[in-house]
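In the numbering used here, the protein residues as written are 4 to 273.
Don't be surprised by glycine CBs; every beta carbon is placed ideally from N, CA and C.
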């Protein structure tokens with residue numbers, strides 16, 4: 004990328020955040036200076052809207068976000084969803100039917116209301132998001148599929164994440180997107196064509212920005228579509244091998260403020 008990018012897009016977990024889910028003062032300062040100078044920064048995450056406050060509490064100002072792996076585009080200043088691409092109830096039902104037939108012991112959760120709420124089967128194992136009023140167990144299997152969901156989450160005990168996503172993707176070929184962003188055996192399912200790349204492309208086009216003018220950072224397989232689409236793709240050093248393979252460049256790890264270090268170099272700030 005010979006010229007400075009017109010848009011910065013960055014994943015959050017494992018890329019911008021350190022492993023303790025904090026942003027370093029260095030990262031906060033660099034993002035604030037770049038934004039103030041007129042280059043927009045957008046967060047692109049698999050996480051739901053309801054989780055973003057953890058990040059916004061640490062930033063100088065809240066940044067727009069593309070959530071649920073591209074299914075939701077969110078304006079935090081207006082607290083407004085600009086775009087949502089959910090799985091329809093009938094599609095959810097078919098996805099669930101195929102996976103129950105293919106994957107023994109599979110359990111599900113859904114992100115609903117543009118990812119402001121979560122519903123899960125009783126036996127679905129909650130991890131980071133167990134204690135919030137927005138999350139509750141469903142009372143019947145039908146409730147899981149009753150309303151549109153911007154993301155379906157599937158677990159089946161301890162699984163190799165790369166192998167498990169291949170099984171799920173094979174079962175859902177042509178029906179929905181399957182990816183993962185963790186090492187815990189969680190597969191994230193979106194409507195066909197919904198990826199971080201698709202959400203970011205919509206956001207960039209809305210601002211009159213071409214993909215060649217986008218600089219993107221990421222670390223996990225759910226970032227691959229976005230990194231492939233963007234004009235310049237940068238992986239953090241701790242990235243998954245699939246990301247390191249397709250990245251144009253590699254910067255320092257999330258623990259080493261790799262995103263901040265790269266931006267300091269590109270924009271001459273520090």
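In the three-state DSSP reduction, residue 223 falls in the coil class, being neither helix nor strand.
Take the alpha-carbon of residue 143 and the one of residue 121: they are about 15 angstroms apart.
Taking all protein chains shown into account, residue 246 has 16 or more neighbouring C-beta atoms within 10 Å of its C-beta and is therefore buried. Relative to residue 185, the option among 165, 259, 170, 25 whose CA is nearest is 165. The DSSP-derived three-state label of residue 87 is strand. DSSP, read as helix, strand or coil, puts residue 6 in coil.
As summarised for the segment 174 to 258, the continuous beta strand (DSSP E) elements at least 3 residues long and confined to that stretch are 179 to 182, 190 to 194, 217 to 221, 235 to 239, 252 to 254, given in chain order. Counting along the chain, no alpha helix (DSSP H) covers residue 62, and no H or E run does either. According to the DSSP assignment, residue 110 belongs to the beta strand (DSSP E) that extends over 110 to 115. Residues 174 of the same chain have their beta carbon placed closer than 6 angstroms to that of residue 105, with the five preceding and five following residues left out of the count.
147 is the residue among 12, 217, 147 whose C-alpha sits nearest the C-alpha of residue 116.
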